[in-house]
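To start, the structure under review is shown below, and the notes come after it.
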Amino acid sequence: MTRQDWISVIDQAAEAGVRRVTLIGGEPTLHPDGVFLVERALKLGLSVELYSNLVHLSPDWWRILRRTGVSLATSYYSDRAKEHNAVTGRPSHARTLANIRKAVRLGIPVRAGIVATTDTQRVDEARRELEALGVKRISVDHVRPFGRGSEGAAPDVSGLCGRCGSGRASIGPDGGVSPCVFSAGWMGVGNVQDMPLAAILGGDAMTEANVAIRAAAGSDPCDPDDVPDECSPGFPGSECTPRN
Numbered sequence: 001m002t003r004q005d006w007i008s009v010i011d012q013a014a015e016a017g018v019r020r021v022t023l024i025g026g027e028p029t030l031h032p033d034g035v036f037l038v039e040r041a042l043k044l045g046l047s048v049e050l051y052s053n054l055v056h057l058s059p060d061w062w063r064i065l066r067r068t069g070v071s072l073a074t075s076y077y078s079d080r081a082k083e084h085n086a087v088t089g090r091p092s093h094a095r096t097l098a099n100i101r102k103a104v105r106l107g108i109p110v111r112a113g114i115v116a117t118t119d120t121q122r123v124d125e126a127r128r129e130l131e132a133l134g135v136k137r138i139s140v141d142h143v144r145p146f147g148r149g150s151e152g153a154a155p156d157v158s159g160l161c162g163r164c165g166s167g168r169a170s171i172g173p174d175g176g177v178s179p180c181v182f183s184a185g186w187m188g189v190g191n192v193q194d195m196p197l198a199a200i201l202g203g204d205a206m207t208e209a210n211v212a213i214r215a216a217a218g219s220d221p222c223d224p225d226d227v228p229d230e231c232s233p234g235f236p237g238s239e240c241t242p243r244n
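Using this note's numbering, the first residue of the sequence shown is number 1, and each one after it goes up by one.
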């Protein structure tokens, strides 16, 4: 996807009545057009959430994060650096924690998702630490069986939260559309480089994917208009938490 491709997607999303977009990755702060695309979305009246590991935030990112309509989300694993870093695979704890503090101090809305990777992980301690820092929105989830969390197993619809594709969708770096980030690559429903976004969202492939997801979940568990945060990365019980 080129810069112009992403501009087109954001424009189409606004025209289709989308109210909020989340920039996720990978790490969206490393995308060369990330700040520009946030500005584009804001100009069209969309609210924007940046889901970042908070390791590298340039002055431009801090500037845009302070704009009305922009919020920040991150994953946090433990109040102990060693345990947090064991999950992320690099010494990221200190920078993530420092930037959470900075965001709260600047008045930027912050949401944190804690993913429990082991039974002994200091989840409660991490939650209390975040609360003490002033983070208001904190959720806890288990590891979903996709990507690194699959341990080599083939993806299965039963591992999804059951709400994916209901009032939301994921668009990957190749333009592929799927019901959520966890279903990307194996539950594709179209590509924005081949057809309009609205046609994909209202198309047969998305309908069939939704039927399969609801069948695996046993019911349609939420109304995205009643609970707007449902299915956003890190939300309790329906997390589409980033793959890290």
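Here a beta-carbon is modelled for each residue, glycine too, at the ideal position from N, C-alpha and C. Quick caveat, the model's predicted, so the values are computed rather than measured.
{"Asked": "Taking residue 181 as the reference, which of 18, 133, 23 has the closest Cα?", "Found": "23"}
{"Asked": "Please state the DSSP three-state secondary structure of residue 49.", "Found": "strand"}
{"Asked": "Residue 20 by DSSP, collapsed to three states: which one?", "Found": "strand"}
{"Asked": "Using CA coordinates, which residue listed in 156, 68, 46, 74 is at the minimum distance from residue 57?", "Found": "74"}
{"Asked": "Checking the sheet assignment: what are the DSSP bridge partners for residue 191?", "Found": "176"}
{"Asked": "So, with DSSP's three-state summary, where would you put residue 44?", "Found": "coil"}
{"Asked": "Going by beta carbon distance, what residues of the same chain come within less than 6 Å of residue 5, once the five residues before and after it are set aside?", "Found": "none"}
{"Asked": "Determine the direct distance from the alpha carbon of residue 207 to that of residue 45, and round the result to whole angstroms.", "Found": "28 Å"}
{"Asked": "Nearest CA to the CA of residue 67: which residue from 211, 49, 126?", "Found": "49"}
{"Asked": "So is residue 40 buried or exposed if we call it buried at 16+ other beta carbons inside 10 Å?", "Found": "buried"}
{"Asked": "Drop a sphere of 10 angstroms on the beta-carbon of residue 112, count the other beta-carbons inside from all chains shown, and report buried for 16 or more, exposed for fewer.", "Found": "buried"}
{"Asked": "Tell whether a beta-carbon distance below 8 Å holds between residue 127 and residue 114.", "Found": "yes"}
{"Asked": "Distance check for residue 27 and residue 165, CA to CA, integer angstroms please.", "Found": "23 Å"}
{"Asked": "In three-state terms, what does DSSP make of residue 10?", "Found": "helix"}
{"Asked": "Just verifying my parser: in three-state terms, what is the DSSP assignment at residue 60?", "Found": "helix"}
{"Asked": "Using alpha carbons as the reference points, say which of 159, 88, 102 lies closest to residue 59.", "Found": "102"}
{"Asked": "Please classify residue 63: is it buried, with 16 or more other beta-carbons within 10 angstroms of its beta-carbon, or exposed?", "Found": "exposed"}
{"Asked": "Alpha carbon to alpha carbon, how far is residue 10 from residue 213?", "Found": "26 Å"}
{"Asked": "Taking the C-alpha atoms as reference points, what is the distance between residue 79 and residue 193?", "Found": "43 Å"}
{"Asked": "So residue 188 and residue 176 are in contact, right, with Cβ under 8 Å, and what is the actual spacing, rounded?", "Found": "5 Å"}
{"Asked": "I'd like the span of the beta strand (DSSP E) that includes residue 123, first residue to last.", "Found": "Not the beta strand (DSSP E): residue 123 falls in the alpha helix (DSSP H), residues 123 to 133."}
{"Asked": "Give a yes or no on whether the C-beta atoms belonging to residue 169 and residue 142 are separated by under 8 Å.", "Found": "no"}
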